[in-house]
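Presented below is the structure to which this report refers.
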Amino acid sequence: MPKTAISTCALDCPDACSVLVQLDEAGRATRLRGNPNHAFTQGFLCAKVTRYLDRVYHPDRLLHPLRRTPSGFERTTWDEALDSIAARLRRIADNYGAEAILPYSYAGTMGYLNGSGMDRRFFHRLGASRLDRTICSSAGGAGLTEALGNRLGIDPRDFAHSRLIIAWGANILATNVHLWPFIVDARRRGARFVVIDPIRTKTAALADVHLAPHPGSDLALALGLVHVILRDNLQDRDYLDRYTAGLASLAERAAGYPPERVEQLTGIPAAAVEQLARDYATIQPAAIRLNYGVQRSERGGRAVHAIALLPALTGAWRHQGGGLLLSTSGAFAVNRAALERPDLQPQPTRLINMSEFGDALTRLDSPPVKALVVYNSNPAAIAPDQNRVRMGLARPDLFKVVIEQFMTDTALAADYVLPATTFLEHTDLYFAYGHYELQLARPALAPPGEARSNVEIFRALAHRMGFTDPCFGDSDDDMIRALLDTPSPYLDGITLERLESEHSVPLNLPRLPFADGGFGTPDGRCNLSGDLLEYTPPVESRFGPASPYPLELISNKTADGMNSTFGNRPEVDAEAALLDLHPTDAQARQIADGALVEVFNGRGAVRLRARIGDAVRPGVVRASAVRWGANVNVLTSQRLTDIGGGPTFYNCLVDVRPCTE
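Note that the sequence shown covers residues 959 to 1619 in my numbering.
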């Protein structure tokens, strides 16, 4: 008889949806839909996940281990693959030291167990190099922590109570769609909706006001808002006195950012800066949905820091529907040390920044990287400076193992490709960075072919390597219990048994996290210090050093994709093959709508199809990231953000020229 299973979407998205899996009598999934009983999912899924069964049952899905031969890939057995991989890793560790082995992974799954569980134990015990996982959110996380002391924000459901909502670097309809119904509710009650984004996204097109700053100038805009609020005495003095520190320093810094100067730095008219500052300070509750687009620039970490100060300046944290939301991940204070076991390291090992992956493969020495194990990621497509990354991956002396569901760019470069399960086919525990529900999911489907979970694969590799530590025998449930063994009050009373029964359990978090202070800083106060908030134009911007490349490239996320996860879908590839240009820039280069163009800079060139319109302002071009094969990351650099060591994808200078079909 048909039945329904409950799962959790594992994709790298703040929504972490609760998913109902409809099964036929043979146990085959026939439909996915949003769980109507989940407080945030509210019964619907995004278009990406609605079609996820196409991925699960796709004829190109990897079902068996593969090994490279002189004539291509051939099927092999799990025993042969694991034995050969273990033998090669042992030989490399003996000859070069274990730090010559590098794991590379990110958020291909947001599950604790398959994202950072047995794999971390394995590489810690091995003594491999550690990966600094900076590719997405590290700069913003550093900025938010500098200001607030932790990664918390308002409950997303409280946006329904806001009277002013600012989406700052947040294309909500494409990357956080389950927040949208709460914004719609607020607007029905009269809330004003402002979008700050260099691109006229679908979200921006629906705003009451769209402000398009120059890429990477958000710090200057935030300081301009502070300037007006303090100049006009619109701050909440009682909140500032009770719960903040460093106001004098911030005031001194903001004094140098009057609206007229902010207009020069950001391109936003001084009058619009004035209006936004007054509205934000006087319309309560006011909420800011800050997203990670802001921090993908050279000044991105400090920009997040400055923006995160605004709710304290106006006392917005006091009100339901007031405050700021970048990430909720800090509330999921599970026992990660018990899961990942860093104590297994024989000694502290070197840390390699994944945003400098190309250099790690081509320039790093003492020792060089001689073995690479990739899972939950596709660095050949998503890492900056793609040509250098691919040069490194092509090294004949680099041993490469890739754990995957499809034959991605990175898998094509591998010596061994191991088939991985999807989130519908294994047990995991899920946090969220866009709401406060902890979720457990059991397998809804049997793994197809010979696919195995990451937990199983690394447990088996540990056995082949001769690791006898008891933790490598832990079951999935053992690992979950270890995660939940935490003194955090946020998880008090949340047990495996309760998760088994309820599937999704809310954390014990105050609905208004900073209404009465309680910041995670050492003194418990919001850190308003402006000492480190000085804005200078990014190196790769029209306002930086002289450059032969006059256009600023923004490579934001595709609406139908998820980083490179769905790069095999034709509609995702078609979207990522377009370059948006303003008519002024197109006319100056004699480029017609729909023409094939070459986008280039000193790092390389990529061919895209021109789409001319008002999605971008003059001097800015946009190409969605990322497609399989050569993509915009041919053009992006390995330069890092001001804090957090993140990539600067959105500070990238290029030029464009027509080319022949």
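Every residue gets a Cβ at the ideal spot worked out from N, C-alpha and C, and that includes glycine.
- Message: Between Thr1444 and Val1292, how many whole angstroms is the CB-CB distance? I'm expecting something under 8 Å.
- Response: Position 486 of the sequence shown, counting from 1, holds the residue named residue 1444. Position 334 of the sequence shown, counting from 1, holds the residue named residue 1292. Confirmed, Cβ separation roughly 6 Å.
- What separation, rounded to the nearest whole angstrom, lies between the Cα atoms of Gly915 and Asn1591? Residue numbering for the chain in the displayed model covers 959 to 1619; residue 915 lies beyond these limits and cannot be assessed.
- Message: Quick check on this structure: which residue in Ala997, Tyr1250 and Leu981 has the alpha carbon closest to the alpha carbon of Leu990?
- Response: Counted from its first residue, the sequence shown places residue 990 at position 32. The shortest Cα separation from Leu990 among Ala997, Tyr1250 and Leu981 belongs to Leu981.
- Message: Taking its Cβ as the centre, do 16 or more other Cβ atoms sit within 10 Å of Asp1053, making it buried, or is it exposed?
- Response: In the sequence shown, residue 1053 corresponds to position 95, counting from 1. Note on residue identity: the sequence assigns Asn, not Asp, to residue 1053. Burial state of Asn1053 is exposed, judged by a 10 Å Cβ sphere holding fewer than 16 other Cβ atoms.
- Do the stretch 1508-1516 and the stretch 1578-1589 meet, that is, are 3 or more Cβ pairs less than 8 Å apart? With the rule of 3 Cβ pairs closer than 8 Å, the stretch 1508-1516 counts as touching the stretch 1578-1589.
- Message: Does any residue of chain D have a CB that is nearer than 7 Å to the CB of Gln1303?
- Response: Reference to chain D is not applicable here, since this structure consists of a single protein chain.
- Task: Kindly indicate which residue of Phe1081, Leu1177, Cys1094 and Asp1600 has the alpha-carbon position closest to the one of Trp1126.
- Result: Mapped onto the sequence shown, residue 1126 falls at position 168. That would be Leu1177, whose Cα lies nearest to the Cα of Trp1126.
- Task: Would you decide whether Ser1487 is buried or exposed? Buried here means 16 or more other CB atoms lie within 10 Å of its CB.
- Result: Taking the first residue of the sequence shown as 1, we reach residue 1487 at position 529. Under this definition Ser1487 is a buried residue.
- Every unbroken beta strand (DSSP E) within the stretch 1531-1568, with a cutoff of 3 residues, ordered by chain: Taking only runs of at least 3 residues, the beta strand (DSSP E) segments lying wholly in the stretch 1531-1568 are 1536-1539 and 1554-1559.
- Item | Residue from Glu1556, Arg1033, Pro960 and Gly1111 whose Cα sits closest to the Cα of Pro954 | Because the chain here runs from 959 to 1619, residue 954 falls outside it and cannot be looked at.
- Message: For the stretch 1346-1362 against the stretch 1540-1549, do three or more pairs of beta-carbon atoms, one drawn from each stretch, fall closer than 8 Å, so that the two count as touching?
- Response: In this structure the stretch 1346-1362 does not touch the stretch 1540-1549; the number of beta carbon pairs closer than 8 Å is below three.
- Message: So the candidates are Leu1106, Ser1087, Arg1091 and Phe1151; which of them puts its Cα closest to the Cα of Ala1118?
- Response: As a position in the sequence shown, residue 1118 is number 160, starting the count at 1. Comparing Cα-Cα distances from Ala1118 to each of Leu1106, Ser1087, Arg1091 and Phe1151, the minimum goes to Phe1151.
- For Lys961, three-class secondary structure by DSSP: By one-based count along the sequence shown, residue 961 stands at place 3. Reduced to three states, the DSSP call for Lys961 is strand.
- Starting from Ser1096, trace the alpha helix (DSSP H) both ways and give me its first and last residue. In the sequence shown, the residue the question calls residue 1096 occupies position 138. Counting along the chain, the alpha helix (DSSP H) containing Ser1096 begins and ends at Ser1096 to Leu1106.
- Query: Mind checking Pro1171: buried by the 16 CB within 10 Å criterion, or exposed?
  - Reply: Locating residue 1171 in the sequence shown gives position 213, counting from the first residue. With 16 or more other Cβ atoms from the protein chains shown falling within 10 Å of its own Cβ, Pro1171 counts as buried.
- Message: Count Cβ pairs between the stretch 1069-1077 and the stretch 1218-1231 that sit closer than 8 Å; are there 3 or more?
- Response: No contact exists between the stretch 1069-1077 and the stretch 1218-1231.
- Looking only at C-alpha atoms, which of Ala1206, Glu1032, Asp1434 and Asp1531 sits nearest to Thr1385? Numbered from 1 along the sequence shown, position 427 holds the residue referred to as residue 1385. The shortest Cα separation from Thr1385 among Ala1206, Glu1032, Asp1434 and Asp1531 belongs to Asp1434.
- Query: Of the choices Pro1464, Leu1376 and Val1413, whose alpha-carbon is the least far from that of Thr1035?
  - Reply: Walking along the sequence shown from the start, residue 1035 turns up at place 77. The shortest C-alpha separation from Thr1035 is found at Leu1376.
- Message: Can you confirm whether the stretch 1024-1035 touches the stretch 1003-1013 when touching is taken to mean that 3 or more C-beta pairs between the two stretches lie within less than 8 Å?
- Response: The stretch 1003-1013 makes no contact with the stretch 1024-1035; the number of CB pairs closer than 8 Å stays below 3.
- Item | For Lys1328, the first and last residue of its enclosing beta strand (DSSP E) | One-based indexing of the sequence shown puts residue 1328 at position 370. Here Lys1328 belongs to no beta strand (DSSP E), and DSSP marks it neither H nor E.
- Message: Classify Tyr1394: buried if its beta carbon has 16 or more other beta carbons within 10 angstroms, exposed otherwise.
- Response: One-based indexing of the sequence shown puts residue 1394 at position 436. That one is buried.
- Query: According to DSSP, is His1421 helix, strand or coil?
  - Reply: Residue numbering aside, residue 1421 sits at position 463 when the sequence shown is read from its first letter. DSSP places His1421 within a helical segment (H, G or I) once states are collapsed to three.
- Return the chain-ordered list of same chain residues with a C-beta closer than 8 Å to the C-beta of Gly1030, the five sequence neighbours on each side being excluded. The count along the sequence shown starts at 1 and reaches residue 1030 at position 72. Excluding residues within five positions, none has a Cβ falling inside 8 Å.
- Query: Going by Cα to Cα distance, which pick from Tyr1250, Glu1256 and Arg1527 is closest to Ala1266?
  - Reply: As a first step, residue 1266 must be located in the sequence shown, where it is residue number 308. By alpha-carbon distance to Ala1266, the top candidate from Tyr1250, Glu1256 and Arg1527 is Tyr1250.
- Query: Do Ile1050 and Ala1329 come within 7 Å of each other at the CB atom, strictly closer than that value?
  - Reply: Locating residue 1329 in the sequence shown gives position 371, where the first residue counts as 1. Locating residue 1050 in the sequence shown gives position 92, where the first residue counts as 1. Cβ distance < 7 Å, so Ala1329 and Ile1050 count as in contact.
- Query: Would you call the stretch 1230-1247 and the stretch 1179-1191 touching, i.e. three or more CB-CB distances under 8 Å?
  - Reply: These segments touch.
- Message: Since Ala1270 and Tyr1197 should fall inside the 8 Å C-beta cutoff, what is the C-beta to C-beta distance between them, to a whole number of angstroms?
- Response: Here residue 1270 refers to the residue found at position 312 of the sequence shown. Here residue 1197 refers to the residue found at position 239 of the sequence shown. Right, the Cβ-Cβ distance comes to about 7 Å (below 8 Å), so this counts as a contact.
- Could you spell out where the alpha helix (DSSP H) holding Thr1008 opens and where it closes? In the sequence shown, counting from the first residue as 1, residue 1008 sits at position 50. Taken as a continuous stretch (DSSP letters only), the alpha helix (DSSP H) holding Thr1008 covers Ala1005 to Thr1008.
- Item | Rounded separation between Val1327 and Leu1089 - CA only | Taking the sequence shown and counting its residues from 1, one reaches residue 1327 at position 369. Taking the sequence shown and counting its residues from 1, one reaches residue 1089 at position 131. Taking the straight line from one Cα to the other gives about 12 Å.
- Item | The beta strand (DSSP E) enclosing Phe1081, as first and last residue numbers | Numbered from its first residue, the sequence shown carries residue 1081 at position 123. Careful: Phe1081 lies outside any beta strand (DSSP E), inside the alpha helix (DSSP H) at Met1076 to Leu1084.
- Message: Runs of 3 residues minimum, wholly inside the stretch 1211-1260: which ones carry the beta strand (DSSP E) assignment?
- Response: Qualifying beta strand (DSSP E) stretches, in chain order: 1244-1248.
- Give the range of the alpha helix (DSSP H) segment to which Leu1179 is assigned. Reading the sequence shown from its first residue, position 221 is the one you call residue 1179. That run of the alpha helix (DSSP H) goes Asp1176 to Arg1189.
- At what residues does the beta strand (DSSP E) containing Gln980 begin and finish? By 1-based counting over the sequence shown, the position of residue 980 is 22. Gln980 -> beta strand (DSSP E) spans Ser976 to Leu981.
- Task: Give me the Cα-Cα distance between Ala1339 and Thr1368, rounded to the nearest whole angstrom.
- Result: Residue 1339 sits at position 381 when you count from the first residue of the sequence shown. Residue 1368 sits at position 410 when you count from the first residue of the sequence shown. One C-alpha to the other measures close to 8 Å.
- Between which two residues does the beta strand (DSSP E) carrying Val1126 extend? In the sequence shown, the residue the question calls residue 1126 occupies position 168. The sequence given here has Trp at residue 1126, not Val. For Trp1126, the enclosing beta strand (DSSP E) starts and ends at Leu1122 to Trp1126.
- Message: Is the separation between the beta-carbon of Leu1102 and that of Leu1284 shorter than 7 Å?
- Response: Translated into positions along the sequence shown, residue 1102 becomes position 144. Translated into positions along the sequence shown, residue 1284 becomes position 326. In this structure, Leu1102 sits near Leu1284, with a CB-CB distance shorter than 7 Å.
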